[in-house]
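Following: one structure in structure tokens, then a few remarks.
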Amino acid sequence: MRKQFLFIFLALIVANTSQAQTRTTRIGYIDMEYILENVSDYKEAKAQLELKAQKWKQEIETKKIDINNLKESLKAERALLTKELIDEKETEIKFLETEMMDYQQKQFGSDGNLMHQKAGLAKPIQDQVFTAVQDIAEAKNYDFIFDKSSDLTMLFSNKKYDISDQVIRILNRTEKREQLSKKQLKDQETKEKLENAIDENPEMANRQKTLDDKKAARLKLLEDRRLEQEAKKKEYDDRRKALAAERDAKKNGTVSEPAKTEPVKTEGTTAKPATTNVTPTEGTTPAQPAVNKTEERQKLYEQRKKELEDRRKKILEEREAAKKAKEAEMQKSNTTNN
């Protein structure tokens, strides 16, 4: 590894000295592990492989439980069995243990199915990464592009030389292009040009970030205003419905309540002592609940009427205050213009 690193380091020095007259050497690097974790196809395939590995683990666990059950059974029956039967059961247990270990090594060993299938998952993506790296190197005149996650030891790497995100964008573009219409492809190309320009110019990236932040703040402000307007509209609708309900209640009450309220007052003043003395009679008992019900309806009507009047006064006061504020503002603007 040291020889490899020393060779690359010397090659860079030679390249720098030979091309110092013309241009500087451009160096970049990628992080293959980071790229693989951010490619959707690889993530889906990896999730499926993990499910398969979980199934293998469950099978191994089942085998372990069966072996332990056989051991416990032999331990409990050992005193009752002959030597031949004991040897036969121990041989069976050893065979099952060996079979389980072989299966575990076959699935999870260094040369097992899990390692082979992981390599098979990464290979197509790695080929696409190598192609994308070559395209980036040719388009942007890179002299060297290293893999940070390889055997090459990188003691320090500046983030501005990392082109992993550019590679991920190229891979995602290739996947999306197959599903886009012509108009969407045109929009995608415009977006790609902007992203490439941002990659080339860090100042432009900062400027774009500032614009994105301002846009997000503006969208948040618009959303807050929309929610506030919806809340006001809901409050207005609720108030309008309440007023309509009160009008309907008033309309329904004016037909029957005045005729009933007059007797209530007279009966309440004159017949109240009689009700305390003449409770056993059959004619007076049904009348008392009717009187109480009428009184309750009258009180409820008066209360609603008062609430409606208070609400109407409050609305008029708010309108008057808003009108005065608007007139004051107009007067102030006229004085400043003069």
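Under UniProt numbering, think of the first position of the sequence shown as 1, with each following residue one higher.
Glycine residues also receive a C-beta, built at the ideal position from the N, C-alpha and C atoms.
From Asn68, Ile145 and Glu309, pick the residue whose C-alpha is nearest to that of Lys250; which is it? One-based indexing of the sequence shown puts residue 250 at position 250. Considering only alpha carbons, the answer is Glu309.
Taking 8 Å as the cut-off, decide whether the C-beta atoms of Val129 and Ile145 are in contact. The residue you call residue 129 lines up with position 129 of the sequence shown. The residue you call residue 145 lines up with position 145 of the sequence shown. No. Outside cutoff.
Assign Leu171 to one of two classes, buried (16 or more other C-beta atoms within 10 Å of its C-beta) or exposed (fewer than that). Within the sequence shown, numbered from 1, the residue matching residue 171 stands at position 171. The residue is buried, with at least 16 neighbouring Cβ atoms inside 10 Å.
Hey, quick one: how far does the alpha helix (DSSP H) through Ile35 stretch, first residue to last? As a first step, residue 35 must be located in the sequence shown, where it is residue number 35. Segment Met32 to Glu37, the alpha helix (DSSP H) holding Ile35.
Taking the CB atoms as reference points, tell me whether Tyr42 and Leu51 lie closer together than 8 Å. As a position in the sequence shown, residue 42 is number 42, starting the count at 1. As a position in the sequence shown, residue 51 is number 51, starting the count at 1. The answer is no: Cβ separation not under 8 Å.
Cutting at 7 Å between CB atoms, please list the residues of its own chain near Gln107, excluding the five before and the five after it. The residue given as residue 107 occupies position 107 in the sequence shown. Same-chain partners within the cutoff: Trp56, Asn113 and Leu114.
Run the CB neighbour count on residue 340, radius 10 Å, all protein chains shown included, and call it buried at 16 or more, exposed below. Residue 340 lies beyond the range of the chain shown here (1 to 338); nothing can be said about it.
Hey, could you find the ends of the alpha helix (DSSP H) Phe95 is sitting in? To locate residue 95, count along the sequence shown from 1; it is residue 95. Bounds of the alpha helix (DSSP H) holding Phe95 are Lys83 to Phe108.
Any idea if Gln166 is buried or exposed, counting beta-carbon neighbours within 10 angstroms, 16 or more meaning buried? For the purposes of this step, residue 166 is taken as the residue at position 166 of the sequence shown. It is buried - the Cβ of Gln166 has at least 16 other Cβ atoms within 10 Å.
Please report the residue range of the alpha helix (DSSP H) in which Asp66 lies. The residue you call residue 66 lines up with position 66 of the sequence shown. Note, Asp66: alpha helix (DSSP H), Ser40 to Glu77.
Could you spell out the range, first to last residue, of the beta strand (DSSP E) harbouring Ile145? Counting from 1 along the sequence shown, the entry for residue 145 is found at position 145. From DSSP, the beta strand (DSSP E) with Ile145 extends over Phe144 to Asp147.
Spatial neighbours of Ser164 within its chain, please: C-beta separation below 7 Å, excluding the five flanking residues on both sides. For this step, residue 164 is matched to residue 164 along the sequence shown. Beyond the five residues adjoining it in sequence on each side, Ser164 comes within less than 7 Å, by CB distance, of Ile30, Asp31, Tyr34 and Ile35 in the same chain, given in chain order.
Nearest to Gln117 by CA position, among Ile65, Lys46 and Asp237, is which residue? For the purposes of this step, residue 117 is taken as residue 117 along the sequence shown, with counting starting at 1. For the residues Ile65, Lys46 and Asp237, the minimum Cα distance to Gln117 belongs to Lys46.
Anticipated Cβ contact below 8 Å, Asp143 with Thr62, distance rounded: Looking up residue 143 in the sequence shown gives position 143. Looking up residue 62 in the sequence shown gives position 62. Actually they do not touch by this definition, with Cβ atoms about 56 Å apart.
What residue does the alpha helix (DSSP H) around Met115 start on, and which one ends it? Residue 115 sits at position 115 when you count from the first residue of the sequence shown. Where Met115 is concerned, the enclosing alpha helix (DSSP H) stretches over Asn113 to Lys140.
Would Ile67 and Arg78 be called neighbours here (beta carbons separated by less than 8 Å)? Position 67 of the sequence shown, counted from the start, is the residue given in the question as residue 67. Position 78 of the sequence shown, counted from the start, is the residue given in the question as residue 78. No, they are not a contact pair.
In the DSSP output, what is Tyr29 paired with across the bridge? As a first step, residue 29 must be located in the sequence shown, where it is residue number 29. Bridge partners of Tyr29: Phe146 and Asp162.
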